[in-house]
Amino acid sequence: MDFYLNALGSVLSAAPLLAMVGATLLGVFIGALPGLNPVMAIALLLPLTYSMDPLVALGMVAGIYNGSMYGGAIPAILLRIPGTPASIATTFDGFPMADKGEAAKALKIACWSSAVGGIASALALMTMGPLLARVTLFFGPAEYFWIAIFGMASVGVMVGSDPVKGVMAAVLGLLIGTIGIDNLSGQARFTFDQTWLLGGLDLIVVLVGLYALPPVLQLAEKCDLKGLSADQLKLTNVPFAPGEKRGLIPTWLRSSGIGIGVGILPGAGGNIAAFLSYNAARNASDDPDSFGRGNPQGVAAAECGNNADNAASMIPALSLGIPGNVVAALVLSALTIHGLQPGPQLFHQNPVLVGGFMMEMLITSILIFALGGAVATRVFAQFQRLPGVLLVPSILILMCVGVYVINGRPVDLWVMLAAGIAGYFLEKVNVPLAPIILGMILGPMAEQSVRRALLISRGDATELLTRPISALLAVMTILVIVWPVAKAMRRRKRQRQS
Amino acid sequence: MEKRQDIALGLIFVLVGLAAAWMASRYSGASGTYPMTLGLILTFLGGTVAARAVRAGQDKARQLVAAPSKFITTAVIAAVYVAAVIPFGFYTASLMLMLVLPVALGFRQWIYAVIVAVIFIAVVYLVFSVLLEKPLPREAIPPLLGLGG
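Protein chains in written order, with the UniProt record's numbering: chain A, 1 to 498; chain B, 1 to 149.
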């Protein structure tokens, strides 16, 4: 309890509060604009947080994350265009509701459900995170090595449709992570006699390129010259009917549980949480046929599920140093920017920061109630009148300024451009991008841990497998890789038999 | 289509993996072992992707670029913008980008584009140069006109 009370004082000071309010509003705006997503926004924001207080920077990350996950529902309901991938399931009942003239009601349900899911998720993070971190105090280099490998294997296998390509992307990320001077021996690796490569490729530069440029290129390809008309964005405020909120409570409870469970698993994301929650709500309903035709329970389930994933995805990131999704990876990057080492020691070395970030996830979820209401929704929906072709150069400029201010080197702009174009084509050939970033983050941890473990055991490699926790983690890693392959082989065998 | 793309993808990763393993083999001691192992794993995985594509019977169509002309236009203008940032200065290059790229993509409402460009650049200037005081590439044209950079 002291852990949170100490953090609360720091979080409730003026600068972090202002950052959270501003970032939550910005998040709703970003989510409301199709083509922009929280990953891109946080990636663009990170370089600017170098000179900020860490709690202010993390408050902005929390606000953008929670705000944009709700903001994605605005175009999903009004236009059947999901603002973020996590709001795809919201279109199923949100758009039919808007079609029946109930757009404002659908948006209100989405706002409340997002806030409820976010609050439940933040509470799960605040209770489970410290417990998990206490367990990890028993971990040595061998365990950290397996944690890094397990994190990458699970993300590589679970993200995307092809496990082999996922693992291939993770290995590529690991290899990119070796560029620069080796900390243990001083050997320069893959630097091609370029001094700017001695420190390695900057994670944020690669990340901005990989995640922000492909959507910009896709936006340019769509070539939206008009934007939306004012008539399409007309909304009126509608209060809840008596008993309507009570009717949504079982859906909120169920979807929160699903979202939290999905969030903790590395590799699964808000879109999976939303789909699972939506299906669970339909299965539990007395009238499943009404789903897909404008049932408010469908909107509530999808939005609550995708926001309940948010803070829960930080549980493995903060307590183990394994980012479960890209936003969690970005949070770890933000911590690294401020000279902090993600992982279990973080809870003991910087309790105010970790506790503060958890409270910020909770506060920004509560802020959605206050800031995501009808007025904000109506205001932000108006930005959809801006033609897509004007957004393309605007985002490019933000990317460049964000990357340039990190090191003040023009070469970083070219690295970002190259990473972005590579990312665009890799995505097109079904190579997921998240494992590349995770490989870059976890690679140095994996390498240094394995080399330390071998130094301690005087070169005895069995040390990596004979300790009980490391053996368990090794078995889990093998299962994570083998399971989808075995499943695919079984499916193929069944197809051949039929 | 998909088959050829996967064969090419697999072979690219094989080449990257082999090159990395070969370079890492020249590094001293333990600092070379780890990247060499990664290079060899990458070679194996790339080979698996390519071999699987060769063995696959059906060849589904997979569009690599949805609108090639728009893609190339945007990529080339973005590259020119990056190249222009240092010689022309950040705000001059950015203003040119805001005006040229929408027009190159087919946007013909000039006044609308100019208004959005001016407002956007002004906001970026206020946030990055005034509020955050971030050092950005110096402007080349305003000093020539006696306006200061």
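The C-beta atom is built at its ideal place from N, Cα and C for all residues, glycine as well.
Going by DSSP in three states, residue i sits in which element: helix, strand or coil?
| i | result |
| --- | --- |
| GLY459 of chain A | coil |
| ARG189 of chain A | strand |
| GLY199 of chain A | coil |
| ILE42 of chain A | helix |
| ILE181 of chain A | strand |
| ARG108 of chain B | coil |
| ASP28 of chain B | Looking at the sequence itself, residue 28 of chain B is Ser, so the reference to Asp does not match. Here SER28 of chain B sits in coil by DSSP. |
| THR43 of chain B | helix |
| LYS60 of chain B | coil |
| ASP6 of chain B | helix |
| LYS134 of chain B | coil |
| LEU145 of chain B | coil |
| VAL238 of chain A | coil |
| LYS222 of chain A | helix |
| ALA93 of chain B | helix |
| GLN194 of chain A | coil |
| ASN6 of chain A | helix |
| SER69 of chain B | helix |
| residue 523 of chain A | Missing from the structure shown is residue 523 of chain A; chain A here goes from 1 to 498 and no further. |
| ALA140 of chain B | coil |
| GLY243 of chain A | coil |
| GLY140 of chain A | coil |
| SER255 of chain A | helix |
| GLY129 of chain B | In the sequence under discussion, the amino acid at residue 129 of chain B is Ser, which differs from the Gly named in the question. Note: SER129 of chain B maps to helix in three-state DSSP. |
| ARG494 of chain A | helix |
| LEU33 of chain A | coil |
| ARG55 of chain B | helix |
CB-CB under 6 Å to residue i, same chain, minus the five flanking residues each way: which ones, in chain order?
| i | result |
| --- | --- |
| VAL398 of chain A | The question names Val, but residue 398 of chain A in the sequence shown is Leu. For LEU398 of chain A, where only same-chain residues beyond five positions count, the Cβ hits under 6 Å are LEU44. |
| LEU369 of chain A | In the sequence on display, residue 369 of chain A carries Phe and not Leu. Hits under 6 Å: ALA115. |
| SER449 of chain A | PRO141, TYR144, PHE145 |
| GLY459 of chain A | none |
| THR43 of chain B | VAL14, GLY17, LEU18 |
| LEU174 of chain A | GLY439, GLY443 |
| MET314 of chain A | LEU125, ALA328 |
| ARG263 of chain A | The sequence given here has Gly at residue 263 of chain A, not Arg. Correct list, in chain order: ASP309, ALA312, SER313. |
Identify, in the order they occur along the chain, each residue of the same chain with its Cβ nearer than 7 Å to the Cβ of residue i, setting aside the five sequence neighbours on each side.
| i | result |
| --- | --- |
| SER161 of chain A | ASN430 |
| MET445 of chain A | TYR144, ALA148, GLY321 |
| ARG451 of chain A | LEU184 |
| LEU201 of chain A | ILE176, ILE179, VAL415 |
| LEU465 of chain A | ALA471, ALA474 |
| VAL354 of chain A | LEU318, LEU346, PHE347 |
| VAL352 of chain A | ASN6, ALA7, SER10 |
| ILE337 of chain A | LEU46, THR49, TYR50 |
| ALA104 of chain B | THR73, ILE77 |
What does residue i reach in chain C if we use C-beta pairs closer than 7 Å?
| i | result |
| --- | --- |
| PRO387 of chain A | Annotation note: the requested chain C is absent from the structure, which comprises protein chains A and B. |
Once you ignore the five residues that flank residue i on each side, which residues in its own chain have a CB closer than 8 Å to its CB?
| i | result |
| --- | --- |
| SER25 of chain B | GLY32, MET36 |
| GLN187 of chain A | ILE181 |
| TYR4 of chain A | MET126, GLY355, MET358, MET359 |
| LYS140 of chain B | This sequence places Ala at residue 140 of chain B; Lys is not what is there. The residues are PRO87, PHE88, GLY89, THR92, GLY149. |
| GLY31 of chain A | ASN37, PRO38, GLY67, SER68, MET69, TYR70, GLY71, GLY72, ALA73, ILE74, GLY83, THR84, SER87 |
How about residue i: is its Cβ closer than 7 Å to a heavy atom in the ligand ATP?
| i | result |
| --- | --- |
| LEU217 of chain A | This structure lacks the ligand ATP, and indeed carries no ligand of any kind. |
- Any chance the region 258 to 277 of chain A sits against the region 294 to 312 of chain A, with 3 or more Cβ pairs inside 8 Å? Per the Cβ contact rule, the region 258 to 277 of chain A is in contact with the region 294 to 312 of chain A (3 or more Cβ pairs under 8 Å).
- Stretch-stretch touch, CB-based, cutoff 8 Å, three pairs: the region 55 to 72 of chain B with the region 204 to 224 of chain A: These segments touch.
- Query: Enumerated in chain order, which unbroken segments of the alpha helix (DSSP H) with a length of 4 residues or greater are wholly contained in the region 333 to 379 of chain A?
  - Reply: The region 333 to 379 of chain A contains these whole alpha helix (DSSP H) runs: 345 to 349, 351 to 371.
- Count the CB pairs spanning the region 12 to 26 of chain A and the region 173 to 193 of chain A that are closer than 8 Å, and state whether there are at least three. Counting Cβ pairs under 8 Å, fewer than three are found: no touch.
- Check whether the region 278 to 292 of chain A touches the region 97 to 114 of chain A, counting contact only when three or more Cβ pairs, one atom from each stretch, lie closer than 8 Å. In short, these stretches do not touch, since the Cβ pair count stays below three.
- Task: Decide yes or no for the touch test of the region 9 to 17 of chain A against the region 88 to 108 of chain B: beta carbon pairs closer than 8 Å, at least 3 of them.
- Result: With a cut-off of 8 Å, the region 88 to 108 of chain B and the region 9 to 17 of chain A do not count as touching, because too few Cβ pairs lie within range.
- Query: Which full runs of the alpha helix (DSSP H) of 4+ residues lie inside the region 375 to 461 of chain A, going along the chain?
  - Reply: Those alpha helix (DSSP H) runs which fall completely within the region 375 to 461 of chain A and span 4+ residues are 388 to 407, 410 to 428, 434 to 456.
- Query: Quick one: any contact between the region 289 to 299 of chain A and the region 320 to 329 of chain A, if contact means 3 or more CB pairs under 8 Å?
  - Reply: Counting Cβ pairs under 8 Å, fewer than three are found: no touch.
- Message: Report the start-end ranges of each beta strand (DSSP E) in the region 257 to 324 of chain A that is 3 residues or longer and not cut off at the edges.
- Response: The qualifying runs do not exist here; there are none.
- Would you be able to state if there are at least three C-beta pairs under 8 Å between the region 197 to 215 of chain A and the region 398 to 413 of chain A? A contact between stretches requires three or more CB pairs, one per stretch, nearer than 8 Å, and the region 398 to 413 of chain A meets this requirement with the region 197 to 215 of chain A.
- Task: Scan the region 41 to 126 of chain A and note each continuous beta strand (DSSP E) run of 3 residues or more that stays entirely inside, going in chain order.
- Result: Within the region 41 to 126 of chain A, no complete beta strand (DSSP E) run reaches 3 residues.
- Message: Under 8 Å, with one C-beta from each stretch per pair, do the region 120 to 135 of chain A and the region 423 to 442 of chain A reach the 3-pair mark?
- Response: Inter-segment contact for the region 120 to 135 of chain A and the region 423 to 442 of chain A is absent: fewer than three beta-carbon pairs are separated by less than 8 Å.
- With contact counted as at least three CB pairs below 8 Å, one residue from each stretch, are the region 488 to 498 of chain A and the region 164 to 181 of chain A in contact? No contact exists between the region 488 to 498 of chain A and the region 164 to 181 of chain A.
- Message: I'd like to know if the region 46 to 54 of chain B and the region 6 to 13 of chain B are in contact, where contact means that at least 3 CB-CB pairs between them fall below 8 Å.
- Response: The count of Cβ pairs closer than 8 Å, one atom from the region 46 to 54 of chain B and one from the region 6 to 13 of chain B, reaches three, so the stretches are in contact.
- Query: Are three or more beta carbon pairs between the region 84 to 92 of chain B and the region 345 to 361 of chain A nearer than 8 Å?
  - Reply: Contact between the region 84 to 92 of chain B and the region 345 to 361 of chain A is absent, because fewer than three Cβ pairs lie under 8 Å.
- Message: Check whether the region 103 to 117 of chain A and the region 236 to 245 of chain A are in contact - that is, three or more C-beta pairs closer than 8 Å.
- Response: Segments in contact, yes.
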